[in-house]
Amino acid sequence: MSAAEKLLRELGIDAAKDIDVEAIAWDAGAEVRFAKLDSCEARIIGYGDRAIITVDSSGIWQRRRFSVAHELGHWKYHRGRSFVCRSDEIGNQRRSLTDPERVADAYAADLLLPGFLFAPMAKQYGKATFDAVDQIRAEFQTSRTATALRMVDYGPEPALLVCHGPNGRRWFKRGPTVPDRWFPRDEIDADSDALEVLHGTKERTTRSLIGADAWFDRWEAERYEVYEQTVRMSTGDALTLVVIKSAEMLE
Numbered sequence: 330m331s332a333a334e335k336l337l338r339e340l341g342i343d344a345a346k347d348i349d350v351e352a353i354a355w356d357a358g359a360e361v362r363f364a365k366l367d368s369c370e371a372r373i374i375g376y377g378d379r380a381i382i383t384v385d386s387s388g389i390w391q392r393r394r395f396s397v398a399h400e401l402g403h404w405k406y407h408r409g410r411s412f413v414c415r416s417d418e419i420g421n422q423r424r425s426l427t428d429p430e431r432v433a434d435a436y437a438a439d440l441l442l443p444g445f446l447f448a449p450m451a452k453q454y455g456k457a458t459f460d461a462v463d464q465i466r467a468e469f470q471t472s473r474t475a476t477a478l479r480m481v482d483y484g485p486e487p488a489l490l491v492c493h494g495p496n497g498r499r500w501f502k503r504g505p506t507v508p509d510r511w512f513p514r515d516e517i518d519a520d521s522d523a524l525e526v527l528h529g530t531k532e533r534t535t536r537s538l539i540g541a542d543a544w545f546d547r548w549e550a551e552r553y554e555v556y557e558q559t560v561r562m563s564t565g566d567a568l569t570l571v572v573i574k575s576a577e578m579l580e
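Be aware that the sequence shown starts at 330, since it is given in this note's numbering, and climbs by one per residue.
In C-alpha cells form, the structure reads like this:
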C-alpha cells in the first residue's frame, strides 16, 4: 500500500465521497488557497512543518483537486523545496517516472483514486470502458484521464491507455499484466474508429473489436483481436482504451 493510501486508512477514510483533499492538506500542515495564477497552475511554499498551497482558481473543480493532491505529493517527498508547477507539468505522462512531477502525480492518484476503493468499484462494471470510467469519476470527483489511468491499473480487464495527437502517439500506459512486448503503434491505423475521433467529428466511439495488428506492430499481432474505445480529450487529442481479449497475449 502506498504512502497516500496508508494516510487515507489512518484518517479512517473508506468511501470516495469522504476524500476531502483540503481537509487532508490541513491535517498535513498545509493550508490550501485558490487564487488567479497567471504563470503556473499550482505552487507550494513551505517553512518548517507548515506550507501554503495555492491553486489557480480558474481551473475546473476536478483539476483543482488533483493540483492540491499533486502539491501534497511534493510536501510528502520533496519537503524543503519550493515548487511552481505549470499546467503541462501536472499530469504529464511523458516525464520520467523518477521526475519529481511524476512522483507528485503518483501520490495524487493514490490519494484521490486509492486502489483499495477503486478496484472493487471497477470490478462491479466487469469491463474496462469509458462508460465505466465516467461513472466512477463522478464518484471520486476526478478527471476522465486520471480515472482512465486508474482503470488500466486496477480495472477488471488487462488494458492499455493510449493518447494520440495530430503528430502521432503522445504517450501510453500499460496495465500491470500486459507484457512489455505490446508497444502501441505511433500512428492510428486507418481501420480504427479512433481516427474519426482524432480527425473527424466523433466525440467518442462505442467499444468494438479490431485486429490487434491495428494497434501493435508485431508479427504475432495478426493472430489476435483487441477491444478499442476512444474519446476526444479537451485538448483535441484522442484517448483510447485498448483491452486485451486473448489470454495468449498475456503470456
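Note that the Cβ used here is the ideal one computed from N, Cα and C, for glycine as well. All values derive from a computational prediction rather than experimental measurement.
Along the chain, where does the beta strand (DSSP E) that runs through residue i open and close?
i: THR569; result: 567-573
i: GLU351; result: No beta strand (DSSP E) holds GLU351; the alpha helix (DSSP H) holding it covers 350-356.
i: HIS493; result: 488-494
i: ILE373; result: 371-376
Label residue i either buried or exposed according to how many other C-beta atoms from any shown protein chain fall within 10 Å of its C-beta, with 16 as the threshold for buried.
i: LEU442; result: buried
i: PRO513; result: buried
i: ILE389; result: exposed
i: MET578; result: buried
i: GLY341; result: exposed
Roughly how many angstroms separate the alpha carbons of residue i and residue j, rounded to a whole number?
i: ASP349; j: ASP518; result: 42 Å
i: ARG499; j: GLY484; result: 22 Å
i: GLU580; j: ARG510; result: 10 Å
i: ALA438; j: GLU516; result: 28 Å
i: ASP614; j: GLY504; result: Past the edges of the chain, shown from 330 to 580, lies residue 614, and the structure says nothing about it.
i: HIS528; j: TRP544; result: 17 Å
i: TYR436; j: GLY402; result: 5 Å
Assuming residue i is part of the alpha helix (DSSP H), what are its boundary residues?
i: TYR454; result: 444-454
i: ILE517; result: Neither: ILE517 is in no alpha helix (DSSP H) and is coded neither H nor E.
i: PHE395; result: 390-406
i: VAL361; result: Segment 359-364 is the beta strand (DSSP E) holding VAL361; no alpha helix (DSSP H) there.
Going by the DSSP bridge assignment, what does residue i pair with across the sheet?
i: TRP500; result: CYS492
i: GLU557; result: SER537, VAL571
i: ARG510; result: None; ARG510 has no bridge partner.
For the candidate residues the options, whose alpha-carbon lies nearest to that of residue i?
i: PHE447; options: GLU360, ALA477, VAL432; result: ALA477
i: THR458; options: VAL507, VAL572, ALA576, LYS335; result: VAL572
i: ALA488; options: GLU557, HIS407, PHE363, PRO449; result: GLU557
i: LYS346; options: HIS528, PRO495, GLN470; result: GLN470
Under the criterion of a Cβ to heavy atom distance below 6 Å, does residue i qualify as lining the ligand NAD?
i: PHE363; result: For the structure depicted, the ligand NAD is absent and the ligand set is empty, with no information on it obtainable.
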